[in-house]
Amino acid sequence: MSLLQVEQVSHKFNSKRLFKTNNQSNNVLHDVSFSIEEGSCLGLIGTSGAGKTTLGKVILGIQRPQHGKVLFQGHDIYNVDKATQRKLRRDLQVVFQDSYSSVNPRMTAEQIIMEPLENYEKLTIGERRSKVVSLLERVGLSEKDLKKFPYQFSGGQLQRINIARAISLKPKLIVLDESVSSLDMVTQSLILELLKELKVDFGLSYLFITHDIKAAFSISDALGVLEKGELIEYYESKDEFFHSRNPVILRMRESILAEHPRFRSLTKNVKMV
Amino acid sequence: MIAMFRGILKSQKVIVICSLILCVLFLMALFAPWLAPNDPTAVNFVDKLQRPSLDYPFGTDHLGRCIFSRILYGARISLGYAMLIFMSALSIGLIIGIIAGYIGGWVDQLLMRLGDGLMAIPSLLFVLGFVGIWGTGLKQVVFGLILVQWVYYARVIRGMVLSLKEQNYITAAKISGSSTWTIMQKHIIPNVLPSLVVMGTLEMGWAIMNLSSMSFLGLGVQPPTPEWGAMIHEGKSYIRTNPALMVYPGLMIMLVVVTFNLLGEALSERYGIKRR
Chain A
1 MSLLQVEQVS HKFNSKRLFK TNNQSNNVLH DVSFSIEEGS CLGLIGTSGA
51 GKTTLGKVIL GIQRPQHGKV LFQGHDIYNV DKATQRKLRR DLQVVFQDSY
101 SSVNPRMTAE QIIMEPLENY EKLTIGERRS KVVSLLERVG LSEKDLKKFP
151 YQFSGGQLQR INIARAISLK PKLIVLDESV SSLDMVTQSL ILELLKELKV
201 DFGLSYLFIT HDIKAAFSIS DALGVLEKGE LIEYYESKDE FFHSRNPVIL
251 RMRESILAEH PRFRSLTKNV KMV
Chain B
1 MIAMFRGILK SQKVIVICSL ILCVLFLMAL FAPWLAPNDP TAVNFVDKLQ
51 RPSLDYPFGT DHLGRCIFSR ILYGARISLG YAMLIFMSAL SIGLIIGIIA
101 GYIGGWVDQL LMRLGDGLMA IPSLLFVLGF VGIWGTGLKQ VVFGLILVQW
151 VYYARVIRGM VLSLKEQNYI TAAKISGSST WTIMQKHIIP NVLPSLVVMG
201 TLEMGWAIMN LSSMSFLGLG VQPPTPEWGA MIHEGKSYIR TNPALMVYPG
251 LMIMLVVVTF NLLGEALSER YGIKRR
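Read top to bottom, the protein sequences are chains A and B.
Mapped onto this note's numbering, the consecutive letters of the first sequence carry residue numbers 1 to 273.
Mapped onto this note's numbering, the consecutive letters of the second sequence carry residue numbers 1 to 276.
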């Protein structure tokens with residue numbers, strides 16, 4: 001049994017008002033199915049507006065899809081009793097793209113990381129403190145940062161705090177929704193390294209949602225490509241991405257910047273014009 | 001220490017001065033029984049319409065009552081009930097605004113349309129109507145003013161909650177298992193409250209004005225209870241011969257309202273909050 005199974009999920013946004021229903025709606029997701037195995041990372045690539053974030057929300061259990069099922073550890077997350085849902089929530093965490101809006105500006109790093117722990121575990125103050133410190137150290141920050149507020153951190157450091165919050169309950173699956181996309185190249189690679197380490201240490205699985213093909217490549221085991229709400233390609237092994245003949249994939253592949261302009265394909269420029 | 005204080009005084013002159021004035025006024029109201037030289041309701045026809053003297057710092061009114069003492073006791077009612085209106089309207093507005101903003105849907109529509117309905121009637125007219133139905137008296141006026149006032153808070157809070165709700169940290173909190181109540185307590189109320197207090201400061205002046213104007217019309221505080229608006233009302237027959245009867249309470253109302261408004265403006269400028 002896979003850790004997460006997404007079965008034929010379709011979703012539309014209807015704009016409903018009190019006296020009128022707007023029927024002009026667009027399919028955000030259309031018949032998406034895939035699964036994530038325990039301990040693996042699925043990279044989900046897509047351009048803006050492809051439905052990546054909506055799919056993430058559907059999997060996180062905060063956006064009920066109109067059709068289809070999401071099975072997490074064998075339970076349909078939208079059709080279980082409250083207690084089971086709460087238990088499932090614990091194993092499912094998220095790290096968003098915008099690290100600043102992901103933390104309450106009025107809370108200290110300690111309070112931010114503690115929030116999930118407070119909800120699920122009864123700990124004494126001392127135990128909690130030491131747990132938060134160990135989490136902070138695990139993500140590369142130190143005890144000094146406990147009492148700092150979000151504005152005192154850089155974007156990369158804040159993203160580390162978000163990661164610390166996500167791993168605090170030792171979840172099974174973390175949805176990384178563009179988690180490294182707004183960071184600079186160096187920080188990005190450092191965070192990716194951290195994520196890879198954590199994956200091994202905690203036995204995590206990731207759903208890595210991104211538009212950044214390089215980042216997806218560096219961390220994923222399997223790859224999926226989302227285009228206009230449909231999962232157009234799915235590769236068990238990420239290298240297959242380079243052998244695909246699908247025109248959408250070809251476009252994506254060409255858009256990857258070469259290390260040096262010299263290496264960019266000349267034909268691409270001709271095509272673009 | 002002194003340098004730090006001087007720094008604060010210099011950078012936030014208006015805030016510091018206004019807060020000091022208000023502090024003094026509130027202390028005066030609180031300690032009125034000890035500060036007042038005379039009984040505010042003691043009638044003494046021998047000494048009526050006296051000029052200021054040592055016994056009567058502001059003179060006496062047409063019934064020989066000490067104006068200074070009456071102003072001190074009047075501050076208790078004006079400031080106290082304005083505070084009551086502010087706190088109650090804020091609490092009601094906070095609860096309704098959060099419910100409307102957070103739950104949304106038809107609940108939001110219902111509550112906000114109710115608010116729109118209340119706002120469609122001018123507040124003075126609403127309170128007049130309220131008094132017309134339930135009779136004159138301080139209780140009715142205060143209740144009417146609270147009923148008018150909560151709508152403004154509720155609307156502002158609803159707007160803030162709507163934008164807060166979309167923040168990722170609320171979503172993250174939901175995912176990390178926080179209940180709706182925890183989210184409100186930890187994430188929504190602390191982020192909404194500071195702006196509300198600033199807004200409330202501006203509204204305090206409004207509350208005092210309205211309370212006094214209702215008393216001036218003879219609908220709120222009833223004689224012989226000292227209240228600033230009622231004092232102006234009582235003094236209006238003597239405006240030609242003894243304007244002091246109206247001037248002192250009038251000046252007090254002006255001082256309080258202007259101070260609250262200046263403080264509110266300064267606070268909202270400093271913390272970047274728009275009015276209403």
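We put the CB at the ideal spot given by N, CA and C, even for glycine.
Delimiting residues of the alpha helix (DSSP H) encompassing residue i
i	result
Asp221 (chain A)	Here Asp221 (chain A) belongs to no alpha helix (DSSP H), and DSSP marks it neither H nor E.
Gly250 (chain B)	244-271
Ile8 (chain B)	2-11
Val186 (chain A)	185-202
Tyr169 (chain B)	168-175
Ile163 (chain A)	155-167
Val127 (chain B)	123-134
Gly200 (chain B)	189-216
Ala32 (chain B)	32-35
Gly229 (chain B)	228-235
Ile239 (chain B)	Where Ile239 (chain B) is concerned, there is no enclosing alpha helix (DSSP H), given that its DSSP letter is neither H nor E.
Ile183 (chain B)	180-183
Thr54 (chain A)	52-60
First and last residue of the uninterrupted beta strand (DSSP E) at residue i
i	result
Val175 (chain A)	173-177
Gln8 (chain A)	4-12
Gln93 (chain A)	92-95
Asp47 (chain B)	Looking at the DSSP string, Asp47 (chain B) is not in any beta strand (DSSP E), and its letter there is neither H nor E.
Tyr206 (chain A)	205-210
Asp31 (chain A)	27-36
Exposed unless 16 or more other CB atoms sit within 10 angstroms - verdict on residue i
i	result
Thr267 (chain A)	Low confidence applies to Thr267 (chain A): its pLDDT is 49, below 50, so where it sits in the model is not reliable, and the reading given next is rough at best. It is exposed - the Cβ of Thr267 (chain A) has fewer than 16 other Cβ atoms within 10 Å.
Gly203 (chain A)	exposed
Asp177 (chain A)	buried
Gln140 (chain B)	buried
Arg350 (chain B)	Nothing can be reported for residue 350 (chain B): it is not among the residues displayed for chain B, which extend from 1 to 276.
Gly43 (chain A)	buried
Gln159 (chain A)	buried
Gly277 (chain B)	Not covered by the structure: residue 277 (chain B). The range shown for chain B is 1 to 276.
Met185 (chain A)	exposed
Cys41 (chain A)	buried
Arg51 (chain B)	exposed
Pro33 (chain B)	exposed
Thr259 (chain B)	buried
Reduced DSSP category for residue i - H, G, I as helix; E, B as strand; rest coil
i	result
Val103 (chain A)	coil
Tyr234 (chain A)	strand
Val139 (chain A)	coil
Ile85 (chain B)	helix
Val156 (chain B)	helix
Thr108 (chain A)	coil
Gln109 (chain B)	helix
Arg253 (chain A)	helix
Val14 (chain B)	helix
Val151 (chain B)	helix
Lys122 (chain A)	coil
Pro40 (chain B)	coil
Pro116 (chain A)	helix
Thr225 (chain B)	coil
Asp98 (chain A)	coil
Ser19 (chain B)	helix
Met1 (chain A)	coil
Val142 (chain B)	helix
Leu279 (chain B)	As displayed, chain B neither begins before 1 nor continues past 276, which places residue 279 (chain B) out of reach and without an answer.
Which residues DSSP lists as bridging residue i, in chain order
i	result
His75 (chain A)	A:Phe72
His67 (chain A)	A:Ser10
Glu227 (chain A)	A:Glu230
Leu42 (chain A)	A:Leu207, A:Ala222
Thr60 (chain B)	B:Cys66
If you pair each beta-carbon of the segment 176-187 of chain B with each one of the segment 106-124 of chain B, do three or more pairs fall below 8 angstroms? no
Are the segment 52-68 of chain A and the segment 108-127 of chain A touching, with three or more C-beta to C-beta distances below 8 angstroms? no
Check whether the segment 234-251 of chain A touches the segment 211-224 of chain A, taking contact to mean three or more Cβ pairs, one atom from each stretch, closer than 8 angstroms. yes
Touching by the beta-carbon criterion (3+ pairs, under 8 angstroms), the segment 231-245 of chain B and the segment 160-174 of chain B: no
Just checking, does the segment 80-89 of chain B make contact with the segment 144-160 of chain B on the three C-beta pairs under 8 angstroms criterion? yes
The segment 66-73 of chain B contacting the segment 37-47 of chain B, beta-carbon criterion three pairs below 8 angstroms: yes
Near-chain C residues of the segment 205-239 of chain B (beta-carbon distance less than 8 angstroms), N- to C-terminal order: Given the protein chain composition of this structure (A and B), no chain C is represented.
Mind the definition here: the segment 48-66 of chain B touches the segment 117-132 of chain B only if three or more C-beta pairs lie below 8 angstroms; say whether that holds. no
Flag this pair as touching only if the segment 20-39 of chain B and the segment 247-264 of chain B have three or more C-beta atom pairs under 8 angstroms; answer yes or no. yes
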